[in-house]
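Undergrad: So that we are looking at the same thing, I have put the structure below in C-alpha cells.
Numbering (my numbering), first residue to last: 58 to 362.
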C-alpha cells in the first residue's frame, strides 16, 4: 500500500483539476525520494527503517507473504526470506536468511511486495517486477516466473505502485490507474473477471492520488478525500454496504476527508484529517477497532484514537 495526504476537495473545472492531480503526484514522487519513513506493504502496514545485516541506509521496507524487501538510499533493493518463486530477485529460488541484492536493479524510488512477488518503481514512471507470475501479476505480458526483475509492459508515468495478493496496481501522473494480474473477483477494475498479463485501465477512475491493493481487492484515494474500492467483497471489505463483488470501482459509503488508504487481507481503513480513522470489512479478530468482532459493510469509527 502507498498513501499520500490530500487537500480539501477541488471544485474547479476538470482541466485545472488535472493540474492539481499532477501537482499531488509530483509531491508524491518528491516524498518517495526524500521521506525516509515512508514505506509500502501488501497488507498496508507502514514500518520505520530497521537496521539489519547488509542493509545500511535503508529508507523503506515492504513485507510480503513470506519475504521482506528494503529500498536503500542509493536506489538499490535487498530482499530476504522465502524465495520459492524467485521473489527475492537474486536469480535463484533459494531461501535467504539475510538480505541479498536484487539483480540488475538500480535507481528505484519505491518498493512493493505481494504474496509471492515484488515490484520496484523507477524514475520516469516505469516499473519492474519479479517472482510468482502464474496470473500475470508481474505485468510483463507472460505468466513466466521471473527470478530477476522484468519490465512491466506498457506502463509509463507511474507515480505509485502497490502489490496485492496476486495482482498489482499503479497510479499514473494523470490520476488514472492501471492494474494487472489475478482478476477472479474483479480486483483489476476493468469490468471483467479475466486475468491480465499486462496493465489495463481501471474504468471510470480519475483524480487518483494514492492506490492500495489488498489480497483480492483494490482501492483508490481521490483528490478531495473520497475513496473507491473494487474486487472481492466478502465480509463487506469494499465498504459499499453490500457483499457483492465489484468489477469496477464503487464508492465507499460515508468516507470523506480521508488523507490515506490501507487495504488488509479482508478489511480496509482510511484515516481522516483531524486524526480519526474509519475501518470496514472482516472483523473476526477486532481488526476494525470498533470494540466488537462484528463484520461491517460500511465504515465504522475506530474507538480511542
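Don't be surprised by glycine CBs; every beta carbon is placed ideally from N, CA and C.
How is the beta strand (DSSP E) around residue 328 delimited, first residue to last?
TA: Residues 324-328.
Undergrad: Could you pull the DSSP bridge partners for residue 278 from this structure?
TA: According to DSSP, residue 278 bridges with 267 and 284.
Undergrad: Over the uninterrupted beta strand (DSSP E) stretch that includes residue 255, give me the two end residues.
TA: Segment 253-258, the beta strand (DSSP E) holding residue 255.
Undergrad: Would you kindly work out how many angstroms separate the C-alpha atoms of residue 285 and residue 230, rounded to a whole number?
TA: Taking the straight line from one Cα to the other gives about 18 angstroms.
Undergrad: Could I get the ranges of all uninterrupted beta strand (DSSP E) runs contained in the segment 148-180, with 3 residues as the minimum, in chain order?
TA: Those beta strand (DSSP E) runs which fall completely within the segment 148-180 and span 3+ residues are 153-158, 167-170 and 174-178.
Undergrad: Kindly indicate which three-state DSSP category residue 292 falls into: helix, strand or coil?
TA: If DSSP states are grouped into helix, strand and coil, residue 292 belongs with the helices.
Undergrad: Quick test of the definition: if touching needs 3 or more C-beta pairs under 8 angstroms, does the segment 147-155 touch the segment 194-214?
TA: Yes, they touch.
Undergrad: Any idea what DSSP makes of residue 124, helix, strand or coil?
TA: Note: residue 124 maps to strand in three-state DSSP.
Undergrad: Could you tell me which whole beta strand (DSSP E) segments of length 3 or greater appear in the segment 215-252?
TA: List check, beta strand (DSSP E) in window: 215-220, 224-229 and 234-238.
Undergrad: Measure the alpha-carbon distance for residue 96 versus residue 218 and round it to whole angstroms.
TA: Its pLDDT being 32, under 50, residue 96 is placed unreliably in this model, and the value from its coordinates should be taken loosely. For residue 96 and residue 218, the distance between alpha carbons rounds to 11 angstroms.
Undergrad: With 16 other CB atoms within 10 Å as the buried threshold, where does residue 179 fall?
TA: Label assigned to residue 179: buried.
Undergrad: So residue 337 and residue 306 are supposed to be a Cβ contact under 8 angstroms. How far apart are they, rounded?
TA: Not confirmed; about 16 angstroms, so no contact.
Undergrad: Using the C-alpha atoms, what's the distance from residue 335 back to residue 236?
TA: So the alpha carbons of these two residues sit roughly 25 angstroms apart.
Undergrad: Short check: CB of residue 271 to CB of residue 259, under 8 angstroms?
TA: Contact flag unset, no.
Undergrad: Per DSSP, which one or two residues make a beta bridge with residue 320?
TA: DSSP, once it has assigned bridges, lists 325 as partnering residue 320.
Undergrad: Could you check the C-alpha separation between residue 113 and residue 135 for me, to the nearest Å?
TA: Rounded to the nearest angstrom, the two C-alpha atoms are 10 angstroms apart.
Undergrad: Hey, could you find the ends of the beta strand (DSSP E) residue 333 is sitting in?
TA: Looking at the DSSP string, residue 333 is not in any beta strand (DSSP E), and its letter there is neither H nor E.
Undergrad: Go through its chain and collect everything with a Cβ distance to residue 123's Cβ below 6 angstroms, but skip five positions before and after it.
TA: Excluding residues within five positions, the ones whose Cβ falls inside 6 angstroms are 138 and 139.
Undergrad: Is DSSP giving residue 118 helix, strand or coil here?
TA: Residue 118: strand per DSSP, three-state reduction.
Undergrad: At the level of alpha carbons, what is the spacing between residue 71 and residue 308?
TA: Any answer about residue 71 is weak, because its pLDDT of 33 lies below 50 and its placement is not dependable; what the coordinates show is given next. The straight-line gap from Cα to Cα measures roughly 19 angstroms.
Undergrad: How far does the beta strand (DSSP E) with residue 350 in it reach, from first residue to last?
TA: From DSSP, residue 350 is part of no beta strand (DSSP E); its letter is neither H nor E.
Undergrad: According to DSSP, is residue 204 part of a helix, a strand, or is it coil?
TA: Residue 204: strand per DSSP, three-state reduction.
Undergrad: Here's a check: name, in chain order, each residue in its chain whose Cβ is nearer than 6 angstroms to the Cβ of residue 132, leaving out the five neighbours to either side.
TA: Correct list, in chain order: 163, 164 and 165.
Undergrad: Using DSSP's beta-bridge definition, name the partner residues of residue 357.
TA: Paired residues: 336.
Undergrad: Count the other CB atoms, across all protein chains shown, that sit within 10 Å of the CB of residue 342; report buried if there are 16 or more and exposed otherwise.
TA: Exposed, by the Cβ-count rule.
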